[in-house]
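Input: a single structure, listed below in structure tokens.
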Amino acid sequence: MILMPAIAPANRIHPLCYEHHSEMTPRKFPASEGMSYACQELDCFVSYSGSDGYFLNTQDPFVIKGCPIPPHQYCAHDRYPMYLLEVQLEHPNFRLWRCPHCNMSRLGGQLT
């Protein structure tokens, strides 16, 4: 695990969908506190909130059973759920995670 100093304001986050690696859009979900984000891809239920981390925005048990378990990376500094900030297609195992609270970053945390 590698920790790096923050370089962006913590109030502006840009989480990526862990399935499609595309930037998620802000959405307000009734079940989550504060701002949440949803994947823009059609039929993708991947969502993220700063308080809950990644989750699947569906109650359909068939969809939930067919989807991979959402990754859960937590900040070593404050234990907030981190979001996927960057992937590199030329390096499939590269994952850069960021804490929405303190902006600390973690390199690694492969999706398996």
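Quick note: the sequence shown uses the numbering used here, first residue 50, plus one each step. The beta-carbon is built from N, C-alpha and C at its ideal position, and this holds for glycine as well. All values reported here derive from a predicted model rather than from experimental measurement.
query: Rounded separation between Glu68 and Leu91 - CA only; result: 12 Å
query: Residues sharing a beta bridge with His140, DSSP; result: Gln137
query: Residue burial classification, Gln122 (beta-carbon count within 10 angstroms, cutoff 16); result: buried
query: Rounded C-alpha distance that separates Ala57 from Leu134; result: With a pLDDT of 45 at Ala57, under the threshold of 50, the modelled position of that residue is not reliable, and no figure is offered here.
query: Three-way DSSP call (helix, strand, coil) for Gly115 in this model; result: helix
query: Nearest-angstrom beta carbon gap, Tyr132 and Arg147 [assumed within contact, 8 Å]; result: 6 Å
query: Residues near Cys124 by beta carbon distance below 6 Å, same chain, minus five either side; result: Met131, Cys148 and Met153
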